[in-house]
Structures are given as C-alpha cells and as structure tokens.
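S.K.:
Chains as they are written, first to last, in my numbering: chain B, 880 to 964; chain S, 41 to 266.
(1) Against chain S, with Cβ distances strictly below 8 angstroms, would residue 952(B) count as a contact?
(2) Just the chain S side, please: which residues come within less than 7 angstroms of residue 885(B) by C-beta, in chain order?
(3) Give a yes or no on whether the minimum CB-CB distance between residue 959(B) and chain S is below 8 angstroms.
(4) Go through its chain and collect everything with a Cβ distance to residue 183(S)'s Cβ below 6 angstroms, but skip five positions before and after it.
(5) Residue 170(S) bridges to which residues according to DSSP?
(6) Quick one: using the 10 Å Cβ neighbour count with 16 as the cut-off for buried, is residue 114(S) buried or exposed?
(7) By alpha-carbon positions, which one of 121(S), 170(S), 186(S), 189(S) ends up nearest to residue 180(S)?
(8) Considering only their Cβ atoms, is the gap separating residue 206(S) from residue 242(S) smaller than 8 angstroms?
(9) With 16 as the cutoff for other CB atoms within 10 Å, does residue 90(S) come out buried or exposed?
(10) Kindly give me the distance between the Cβ atoms of residue 948(B) and residue 94(S), rounded to whole angstroms, as I take these residues to be in contact under 8 angstroms.
(11) Which residues in chain B have a C-beta closer than 8 angstroms to the C-beta of residue 227(S)? List them in chain order.
(12) Taking its Cβ as the centre, do 16 or more other Cβ atoms sit within 10 Å of residue 963(B), making it buried, or is it exposed?
(13) At a Cβ threshold of 8 angstroms, is residue 946(B) touching chain S?
(14) What residues from the stretch 143–157 of chain S come within 9 angstroms of chain B, judged by C-beta to C-beta, listed N to C?
(15) So, is residue 154(S) buried or exposed, given that buried needs 16 or more other C-beta atoms within 10 angstroms?
(16) Of all Cβ atoms in chain B, is any one closer than 8 angstroms to the Cβ of residue 240(S)?
(17) Of the residues that make up the stretch 90–110 of chain S, which ones have a beta carbon closer than 7 angstroms to any beta carbon in chain B?
(18) Does residue 155(S) come out as helix, strand or coil in the three-state DSSP assignment?
(19) Below 8 angstroms between beta carbons is the criterion; list the residues of the stretch 209–220 of chain S that meet it against any residue of chain B, in chain order.
(20) Once you ignore the five residues that flank residue 98(S) on each side, which residues in its own chain have a CB closer than 7 angstroms to its CB?
(21) Go through its chain and collect everything with a Cβ distance to residue 190(S)'s Cβ below 6 angstroms, but skip five positions before and after it.
(22) So for residue 897(B), helix, strand or coil by DSSP?
(23) With a CB to CB cut of under 8 angstroms and the five nearest residues on each side skipped, what residues in its chain are close to residue 945(B)?
(24) For residue 912(B), is the classification buried or exposed, using 16 other Cβ atoms within 10 angstroms of its Cβ as the cut-off for buried?
(25) Please confirm if residue 904(B) has its CB atom under 8 angstroms from at least one CB of chain S.
(26) What in chain B is Cβ-close to residue 206(S), meaning under 9 angstroms?
(27) Report the three-state DSSP secondary structure of residue 929(B) (helix, strand or coil).
(28) Tell me which same chain residues have a C-beta within less than 8 angstroms of the C-beta of residue 119(S), skipping the five on either side of it?
(29) Mind checking whether residue 924(B) and residue 895(B) have CB atoms under 8 angstroms apart?
(30) Could you check what DSSP says for residue 234(S) in three-state terms: helix, strand or coil?
(31) So which residues on chain B does residue 115(S) lean against when the C-beta distance must stay under 9 angstroms?
(32) Could you confirm whether any beta carbon from chain S is found closer than 8 angstroms to the beta carbon of residue 861(B)?
(33) Could you name the residues of chain B that residue 244(S) contacts, counting a contact when the two beta carbons are closer than 7 angstroms?
Have a look at this one:
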C-alpha cells in the first residue's frame, strides 16, 4: 500500500501515541524507507519529545523560559501563608 | 557546694568544647529531621520554590495570572497538608506534585465546554503543509539533532514557549499534557473534553505546527542541503 506524505505524517503522529495496526505500520515503514522528508519529520518529532522529557527532569534555571513571580505577588503569598499558619 | 560544683562542671564542659559539640549535634539532628520528615517553615516556600513553581505553571498554562493563582493555590493546599508531607521526596518534588494536580484541575475547568470550533479543520492544515496530491509543500529542513545545544539554553525555551502559545488553546493544552506531562490519550481526552479521534487530530496539528515554528525560529537554515 502506498502512502502519500500527508498520510504518512498523520500516521507518524499517531504512532507516538499508540502502536499502529500492523497493516499501517508496514505501510509507514515502507514509505519512510523511500522518503527522506517524512524520515526527517519523524526524527524531529522524536527529538522534540526527547528534549521535553529531559527538560522535565531538570530543574535548573538555565533550562526554563525566563520568568519570575512579580514582587507584589510574592508579598501577597507570604502574607497569605503567614495568616493561615 | 552543689552550686559551685555544677558551675565547675559547666566550666569544664565549655572549656573542653563538649557542650558546643552537643549543641551543634542537636541543631544538625533538627535540620535532618526537618529535611527528611517535615516541611520547612511555609513562609520560606515563596523564596525557595516560588519562582520555580511559577515557571513550571507558566510553561504549561501560558497565562501569567492563572500561573500566579495556581502557585498560590498550591502553597495554600500544601500548608493544609503539611502534616501529611512524609519526607519520602524533597519538599520541592512534593510541591510540584500538588501543582500538577492543580494544573490538571484548571485545564478540566478551562475545557468544560465542548469545542465546536471548525475553523481549524484538517483541510486548513492540508493546504498549509501539503499539496493537493499529499506531497510536502514546506519540506522539513535538516536539523542538527544535538539536545545539549538546546536543552540548557534559556533562549531556546523562550522560543519554544512562544511557538506553543501561537497554537489554539486546546491544541496547545493537548500537546502539553501528552509530551510534557506524559499523560496517555485516554486521560487527556477526558481532561480536554474531546473524543479520541479529535484528540489525534489535535495532536497531529500541534506537532506539525510546533515543529515548523521551531524550525523557523531555531533549528532551521543550518544547512543548505534539502
């Protein structure tokens, strides 16, 4: 069975969420064998996933978007914690 | 007499440094006890974990005010449950665990109404990325797949956050729950109030668009080969 790139891309995404039925898995494998763009697409999605997983297990500031609690919120939080203690 | 003896004994202890050792040990034990089985003074949570929790929520929710509220709810819930903190994990891990629940509760609320949005149909995506014959219109570029080059760069995560916030809300939330929180599709469809099929389509679009956005703003154009 021949897949278009559009169909292959959809199956690549689906395969990241659950195993594909054999028929589709074989069709996708064949398509990836002959199509370097879909192969790239798959590799890049897996790469994104890998990055995000590693990111979740790191908790230093270097690996986060820059942001911090505004001073007035910090103050409010401290007061709330003090009062309810 | 006894008083004088006691005095002398005290002098002896001080001079030999024994007393000081004991006091050090008591403080040390106290710190260990707190570290392993008791949460620290709640007032210190804001300075110790506030920014971390805030960034954690902001990255997943993309709305500063909601993120602030979630941090507040988390800290107050932690205060209530302080006695239950068993010390099996670090204080931060414990707080993040509470925040995760708050995030999911919030998302459940955000998507209580089912979606009838059809503007984001599969056809739109098709026109954007594929020709009518189903070929790539915008061919994926070659990326340098070096995780280290992105992982520890604040700039990369800023770009990522911006790309994520350009997606429709439900789509972005689906992606976050799947790829960042690692929930399975069944759990996600419940939280986002969508069918399994709908969720597949949403995840497919989110991945397609995010990949493209990251390519434009970070990974792309590194090689000529295409």
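Backbone N, C-alpha and C define an ideal beta-carbon position, used for all residues, glycine too.
M.R.: According to the structure shown:
(1) Here residue 952(B) corresponds to residue number 73 of the first chain, with the count starting at 1. It does: the Cβ of residue 952(B) has a partner Cβ on chain S nearer than 8 angstroms.
(2) As a first step, residue 885(B) must be located in the first chain, where it is residue number 6. By Cβ distance, chain S contributes 166, 170, 174.
(3) For this step, residue 959(B) is matched to residue 80 along the first chain. Taking 8 angstroms as the threshold, the shortest C-beta distance from residue 959(B) to chain S falls below it.
(4) Taking the first residue of the second chain as 1, we reach residue 183(S) at position 143. These residues qualify, in order along the chain: 259.
(5) Here residue 170(S) refers to the residue found at position 130 of the second chain. Answer is 176(S), bridged to residue 170(S).
(6) Numbered from its first residue, the second chain carries residue 114(S) at position 74. Residue 114(S) comes out buried.
(7) Locating residue 180(S) in the second chain gives position 140, counting from the first residue. Nearest in C-alpha terms to residue 180(S), of all of 121(S), 170(S), 186(S), 189(S), is 170(S).
(8) Stepping through the second chain from its first residue, residue 242(S) is reached at position 202. Stepping through the second chain from its first residue, residue 206(S) is reached at position 166. Not a contact, by the Cβ cut-off of 8 angstroms.
(9) As a working mapping, residue 90(S) is identified with position 50 in the second chain. Buried, by the Cβ-count rule.
(10) The count along the first chain starts at 1 and reaches residue 948(B) at position 69. The count along the second chain starts at 1 and reaches residue 94(S) at position 54. Indeed they touch by this definition, with Cβ atoms about 5 angstroms apart.
(11) In the second chain, counting from the first residue as 1, residue 227(S) sits at position 187. Within chain B, no residue comes near residue 227(S); the closest Cβ sits about 12 angstroms away, beyond 8 angstroms.
(12) As a working note, residue 963(B) is residue 84 in the first chain. For residue 963(B), the number of other beta carbons within 10 angstroms of its own is below 16, and it is reported as exposed.
(13) Locating residue 946(B) in the first chain gives position 67, where the first residue counts as 1. For residue 946(B), the answer is yes, since a Cβ of chain S falls inside 8 angstroms of its Cβ.
(14) none
(15) Along the second chain, one-based indexing puts residue 154(S) at 114. Exposed: under 16 other Cβ atoms inside 10 Å.
(16) As a working note, residue 240(S) is residue 200 in the second chain. Look at residue 240(S): its C-beta is under 8 angstroms from a C-beta on chain B.
(17) Along the stretch 90–110 of chain S, the positions whose C-beta sits under 7 angstroms from a C-beta of chain B are 90, 91, 92, 94, 95, 98, 99, 108, read in chain order.
(18) By 1-based counting over the second chain, the position of residue 155(S) is 115. Residue 155(S): coil per DSSP, three-state reduction.
(19) 218, 219, 220
(20) Sequence index remark: in the second chain, residue 98(S) carries index 58 (1-based). Contacts found: 104, 107.
(21) Working through the second chain from its first residue, we reach residue 190(S) at position 150. Around residue 190(S): 196.
(22) The residue you call residue 897(B) lines up with position 18 of the first chain. Coil.
(23) Position 66 of the first chain holds residue 945(B). Shown here for residue 945(B): not one same chain residue has a beta carbon closer than 8 angstroms to its own, the five before and five after excluded.
(24) Within the first chain, residue 912(B) is the residue found at index 33, counting from 1. Looking at its Cβ environment, which holds fewer than 16 other Cβ atoms inside 10 Å, residue 912(B) is exposed.
(25) Looking up residue 904(B) in the first chain gives position 25. No, residue 904(B) lies away from the interface with chain S (no Cβ there is under 8 angstroms from its Cβ).
(26) For the purposes of this step, residue 206(S) is taken as the residue at position 166 of the second chain. Here the premise fails: no neighbours, minimum Cβ distance about 14 angstroms.
(27) Here residue 929(B) refers to the residue found at position 50 when the first chain is read from its first residue. Three-state DSSP puts residue 929(B) in a helix.
(28) As a working note, residue 119(S) is residue 79 in the second chain. Once the five neighbours on either side are set aside, the close Cβ partners of residue 119(S) are 82.
(29) The residue given as residue 924(B) occupies position 45 in the first chain. The residue given as residue 895(B) occupies position 16 in the first chain. The answer is yes: Cβ separation under 8 angstroms.
(30) Taking the first residue of the second chain as 1, we reach residue 234(S) at position 194. In the structure shown, residue 234(S) adopts coil according to DSSP, grouped into three states.
(31) Here residue 115(S) corresponds to residue number 75 of the second chain, with the count starting at 1. Simply 956, 959, 960.
(32) Residue 861(B) cannot be examined here, being either before or after the span of chain B that is shown, 880 to 964.
(33) Taking the second chain and counting its residues from 1, the one referred to as residue 244(S) is at position 204. In chain order: 889, 892.
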